[in-house]
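Enquirer: Following our numbering, the residues of the sequence shown are numbered contiguously, the last one being 129.
Could you have a look at this structure, given as C-alpha cells, before my questions?
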Amino acid sequence: MKNLSWRRFLRGASLQRDFEELRTIAIRYIKEETIKPVKELGRFVLWGSLGSLFVGFGVVLLLIGSLRYLQWQFPVLDGSLSWLPYVIVAVLSLIVIALTAWRIVSGTAKRRLKATK
Numbered sequence: 013m014k015n016l017s018w019r020r021f022l023r024g025a026s027l028q029r030d031f032e033e034l035r036t037i038a039i040r041y042i043k044e045e046t047i048k049p050v051k052e053l054g055r056f057v058l059w060g061s062l063g064s065l066f067v068g069f070g071v072v073l074l075l076i077g078s079l080r081y082l083q084w085q086f087p088v089l090d091g092s093l094s095w096l097p098y099v100i101v102a103v104l105s106l107i108v109i110a111l112t113a114w115r116i117v118s119g120t121a122k123r124r125l126k127a128t129k
C-alpha cells in the first residue's frame, strides 16, 4: 500500500495490471456485499423454519396430551357429555392459533417501522 501514489505509473506499472487489480477488488466487494448476506439470510430462514416445525409439533403433542388427560380425568363424561373434552381442546387450539397470529402481526417488524418514523 505504500506505492499507491502517481509515481507508480512512472516506474513502469502497467495499466493492465491496474485494471486487473480494480477488477479483483470489485469482484471481492460484490461477493462480500451480495453472497455473504444471502448465505446469512438462508441460514436464518433454515433455522427459523426448523424451529417453527419443532414448536408446531410440540404444540400438537401438548394438545393431544391435554385431550387424553381430560378424557382420563373425567371418566363420568363417557355418557352424554363425552364430546366436552374435544370442545375444550378445540377452544385451546383456537386460542393458540389466535396468539400465534397476533404475534406474527404485531411482531418486531411493526415495532421497527414505528421506530423509523
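We treat Cβ as the ideally placed atom computed from N, Cα and C, and that holds for glycine.
Pair every Cβ in the segment 98-105 with every Cβ in the segment 66-82, then say whether three or more of these pairs are closer than 8 Å.
Expert: yes
Enquirer: Compute the Euclidean distance between the alpha carbons of Leu106 and Val57, then round it to the nearest angstrom.
Expert: It is roughly 26 Å from the alpha-carbon of Leu106 to the alpha-carbon of Val57.
Enquirer: Tell me the DSSP secondary structure of Phe31 in three-state form.
Expert: helix
Enquirer: Rounded to whole angstroms, what is the Cα-Cα separation between Phe69 and Ile109?
Expert: 13 Å
Enquirer: Taking Phe69 as part of the alpha helix (DSSP H), name the residues at either end of that continuous run.
Expert: Lys48 to Gln85
Enquirer: Tell me, to the nearest whole angstrom, how far the beta carbon of Leu53 is from that of Leu75; I am working on the premise that it is less than 8 Å.
Expert: Wrong, their Cβ atoms sit about 32 Å apart, outside the cutoff.
Enquirer: Can you tell me whether Trp114 is helix, strand or coil according to DSSP?
Expert: helix
Enquirer: Taking the C-alpha atoms as reference points, what is the distance between Phe66 and Thr112?
Expert: 15 Å
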